[in-house]
Every structure is written in structure tokens, then in C-alpha cells.
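Using this note's numbering, read the sequence shown as starting at 2 and increasing by one per residue. Heads up, the beta-carbon is just placed ideally off N, CA and C, and yes, glycines get one too. Here's the structure, in C-alpha cells; my notes come after.
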Amino acid sequence: MEQPTTREIPAVRRPDAQRAAVQRRDAFPYRFPRDNRPLGGKFSVAQNARLLLRFFYLERRLAQALGAWTLAIPEFEVKLETGRHLFYHADAAHALRQRLSEQEKTLAQIDAFRDAEIDQFIHELLSASDAAELLVGIHQVAGSALATAYRHHVDDTDPVTDVPTIRVLRRVLLDYEPMLAWADAALAAYVAGGIDESRLARWRWHLARLLASIGGVTGSDERCPAPAPLRSNERPFERSTRPQRDSRFVTFTNTGDYDAADGEPRFPSGSYENLRLRFLRTQRDEVDAIEAFGTFLWDIRFRDFEAEYHLARITWDEARHTEIGHRTLLAAGYDPFELPNRLTSSTCRGPMEPAYAMAEINLFGEVGVLKTIGSLIHEAAERHDDLLYHAADFIRADERTHVRKGRQIIRVMTDLGAQQLEQRTRELFTECLVSLGIVTRDMDVFTVSRDDIEFLVGE
Ligand SMILES: [Fe+2]
Ligand SMILES: [Fe+2]
């Protein structure tokens, strides 16, 4: 059978006009840089959109997946980076979604996209037996395959007609390069510290085969048979409810009050020095806020993309607050690990429904911070306490942003009115604080006040 061909249409040229154009061009004084990008590329808009939609979906799912593990990761540095990386994935999804909306897809279509094969791959990757295996799946299998696919797409698509896609993918790769390099270094550290390298290699091979069995991240590679058995078939993944810390930490849940936890207060109660240290410790202990917002992202997955995106960004901010806390404690003369870590809030929030846990950390915790941080900053300025001033100044700006975004997120999480939500949240936290032995009064007649919650499990 004869192949169909495109019939060439001859150009109708006029010699006078041609000569005149050459003359005008020669007389033109400026020799601007020549743009040599050729027309062409492998994809039509529909083919482009099919691939970008898969990339969007994988990025969205990776952000959710990292969120699901935030409680269960014990190692401090890994938990922090996970808080950052889940935003990198959500931000990639956000940029791809925007580009897709310019490639004949509506936001509603993009947000409703699901892929059962990718879901199975994600559930298997989530079934990691520890944080090291999680990093293998997220970064060394999924992340590295996506980075390769993005580089290929940049090379293969039309550099003129589709340059907005190229720009999106290049910017995503700017986040990917340090992220994947960090994951490799972290896995080397796990192995050097005694984690069995062959266990990780086996898991990497298993997940790589599973990904290959669905045609890779593009879905267009030749498929191989799926590996069996799958852990996620034997036991469906469930997120953990208990916050983990590594062995450098001493933790407490028997109180929410640092002075009570220390036994002997380090500074007189109510003094500036006391408030200052409490603030710095609270920031370092916002490692629990990474857990809270990351977990919400998983718990409300697919309900609303914007809410997921805000949660991812807040999770990264809380990872920064933790870093700020850790570094300011060092700069204030402490070994951050000599100061016991408050695990009270995360212990209560871990098993809780997202709307109530969110109400606690956002409506009580973050709103609570804004009530006191202004006077703390003011006093720091008067005392020329540059360290606290510098940290708190940025944190105040972040927390104001979180309170604003929180309103939108809560609307997605629950239909309850503000009063009902606050009341139920206080009841649930009272129950939890009683179970931890922090408050002991009779629950029938007693619900801890908003101020107590802000103090005991606030941020
Ligand atoms: Fe924070
Ligand atoms: Fe916050």
C-alpha cells in the first residue's frame, strides 16, 4: 500500500519584490543575534498534552506520597528535606497544570485525571519498609525517571511553538538536580551507617520493573511483565499515625510546657529570656508542623488541587521554620539535641481527622503565634537581640500567610461552621491531653480553653 504524502505547495515569488527585500535587508544597520531554533518537534498539541498530563499526575501523586510518610520518617534531616521535596513535586504539578490549561485541557479535566497503573506504582512505592526504601522509590526510581523524561521532552518538543513547555520543564529540573543529588547522598549515608545495601538495591530493582511494566513514566516505553508479589497487594498502604524521632532526640509528651518538661526552668517564668528560648525551641519543634501539613496533604488528596498546593507550600515553610529553630538554637549557644523535643501536639494530631487537626494547628497554633509574636519582636528590637529579631521577623510573615491560606484549606476540609469546628477541636484535644495525663479534670464538665491549647500544643 502506498504511504500518504503531503503535497508541497509551490511558493509564488515575485523577482522585483525579492530584490527589493534583499536591498532593504542589506541596508538595515543592526546585526542582531540570530535565533537558530528550528521549527519541528515530535509532538502535536494532543500528544504533548497526553504526556504532560501523566507528568502532572505523577508529580501530584509524589507530593501526596511524601506527605503520607512525614510522620513515619524518624531521621531529622530526612524529615526536613521531605518537607521541602514534597513542595518541589507539588510546584512541578502546579506548573504543568498551568501549561496543560494552555494545551486544550480544562482545569476540571486536569484535576479529574486518574491513572490506575500509576496509582498501583505509587501504592507500592509507599509500601517501603523504612525511610531509606522510601527515598529509593521516590527519588532513585520515580524522580530519576521523571528527570530523564523531562530532559528528553525538552529535546524532542518544538523549541519555537512549544517553548513554554520547555521553560516549565527546565525550571522543574532546577529543583530536581539538587533533590536527586541529596537523595543519593542520603542513601549513601544510610548504607555507611549500616543499612543493608542489597535490600535497597532489591527494592530499587523491584520498583523499576514495576514502572517498566506500565510503560515507564511516559507510558510509551515497551512494557515488561510486572514483578510479583506486590507488597501493596498483600497489605494495602496505610499512613502511620505516630510521630517518629531519631535517636539523637529526647522527647516528651507528658506536658506541653517546656519548663515542666525540663524539671527545672532554665530562666525565670515570664522573663524575656524564658520567652525567647521557648520561641526558639518551638520553632525547632515545628518538625511536628511538617508532619501535620504533610499528613493533611495525604488525607485530603484529590479533594482540591489548590488546597493541596497550599498545604505543600506550608509544609516547606514549616521545614524552614524547623531549620531556623535548629540554627538559631546553635547561634544562641545550645546543642539543639540537648533540648528535649515536644512531641505532644503531633501525638494528638497524628490519628485525628484532618479538619480537627488542621483547626488546632492553624486556628489555635498559628493564630496563637500571631497574638504574641509582635510584642516579642518589639522587645527583641529594644534589647538589640538581633538573632531573635531576625528569625521572628520572617516567621511572623510566614505565619500570617499560613493563617490566610488556612481559611481556604479548612473550607475544603469541612462544612462545619467556625464555632462548631472550634468546639469539637477543643473536645478532641481535651480527650487527647487527658489520655496523655496532661490534664486530669473530669471531662463531662471540662473542656480545655483555647488559651490552654495554644500554650500546651501551640506552635
Ligand atoms: Fe511555623
Ligand atoms: Fe505555620
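Check, Outcome
"Alpha carbons only, please: which of R55, Y89 and A22 is nearest the one belonging to E1?", "The shown model of the chain, from 2 to 460, leaves out residue 1, and the question about it has no answer."
"Within the present structure, is the beta-carbon of V319 separated from the nearest heavy atom of ligand 2 by less than 7 angstroms?", "Before going further, note that residue 319 is Glu rather than Val in the sequence given. Checking every heavy atom of ligand 2 against the Cβ of E319, one is found closer than 7 angstroms."
"Does the region 57-71 come within contact of the region 80-98, defined as at least 3 CB pairs closer than 8 angstroms?", "yes"
"Within 10 angstroms of its Cβ, does K372 collect 16 or more other Cβ (buried), or is it exposed?", "exposed"
"Roughly how many angstroms lie between the CA atoms of L457 and D159, to the nearest whole one?", "57 angstroms"
"At which residues does the alpha helix (DSSP H) containing Q121 begin and terminate?", "A117 to L127"
"So is the beta-carbon of A290 under 7 angstroms away from any non-hydrogen atom of ligand 1?", "yes"
"Would you report the Cα separation of Q1 and F294, rounded to the nearest angstrom?", "Outside the displayed span of the chain (2 to 460) sits residue 1, for which this structure offers no information."
"Here's a check: name, in chain order, each residue in its chain whose Cβ is nearer than 6 angstroms to the Cβ of L231, leaving out the five neighbours to either side.", "E125"
"Distance, Cα to Cα, R200 vs W206?", "10 angstroms"
"Contact defined as beta carbons within less than 8 angstroms: I believe A143 pairs with L135. What is the distance between those atoms, to the nearest angstrom?", "About 11 angstroms separates the two Cβ atoms, so there is no contact after all."
"Does ligand 2 have a heavy atom nearer than 7 angstroms to the CB of D399?", "yes"
"Sort I439, Q141 and A193 by Cα distance to Y177 and report the nearest one.", "Q141"
"Using a Cβ-Cβ cutoff of less than 8 angstroms, which residues in the same chain neighbour G42 once the five nearest sequence positions on both sides are dropped?", "D157, T158, D159, P160, T162 and D163"
"Secondary structure at F253, three-state DSSP: helix, strand or coil?", "strand"
"Check whether the Cβ atoms of M414 and P341 lie closer than 8 angstroms to each other.", "no"
"Residues in its own chain within less than 7 angstroms of L281 by CB, not counting five upstream and five downstream?", "G326, T329, L330 and A333"
"Which residue's Cα is closest to the Cα of P244: G271, F430, Y273 and E292?", "E292"
"Can you tell me where the alpha helix (DSSP H) with D300 in it begins and where it stops?", "V288 to D300"
"Classify N37 as helix, strand or coil using the three-state DSSP reduction.", "coil"
"When the Cα atoms are used, what is the spatial distance from I549 to L298?", "Since the first residue of the chain shown is 2 and the last is 460, residue 549 is not available in this structure."
"I'd like to know if A209 contacts chain C, where contact means its C-beta is closer than 8 angstroms to some C-beta of that chain.", "Absence of chain C from the displayed structure is noted, only one protein chain being present."
"When burial is assigned at 16 or more other CB atoms within 10 Å of the CB, is D120 buried or exposed?", "exposed"
"R224 by DSSP, collapsed to three states: which one?", "coil"
"For D394, count neighbouring C-beta atoms within 10 Å of its own C-beta (all shown protein chains included) and say buried if the count is 16 or more, exposed if not.", "exposed"
"Looking at ligand 2, does it come within less than 7 angstroms of I315, judged from the CB to the closest heavy atom?", "yes"
"Would L174 and H154 be called neighbours here (beta carbons separated by less than 8 angstroms)?", "no"
"Let's see if you can read the secondary structure: which residues bound the alpha helix (DSSP H) around R14?", "Neither: R14 is in no alpha helix (DSSP H) and is coded neither H nor E."
"Could you give the distance in angstroms between the alpha-carbon of L212 and the alpha-carbon of R203?", "14 angstroms"
"Here's the rule: buried if 16 or more other CB atoms are within 10 angstroms of the residue's CB, otherwise exposed. What is F56?", "buried"
"Figure out for me which residue from T107, A360 and L53 has the closest Cα to the Cα of L429.", "A360"
"Any idea which residues DSSP pairs N342 with across the strands?", "T252"
"Just the C-alpha distance for R285 and T323, rounded to the nearest angstrom, thanks.", "4 angstroms"
"Roughly how far, in whole angstroms, is the beta-carbon of L52 from the beta-carbon of I139, given that I think they are within contact range, below 8 angstroms?", "The Cβ separation is near 21 angstroms, so there is no contact."
"Buried or exposed, going by whether 16 or more other CB atoms sit within 10 Å of the CB of Y259?", "buried"
"Alpha helix (DSSP H) containing D92: first to last residue?", "F77 to L101"
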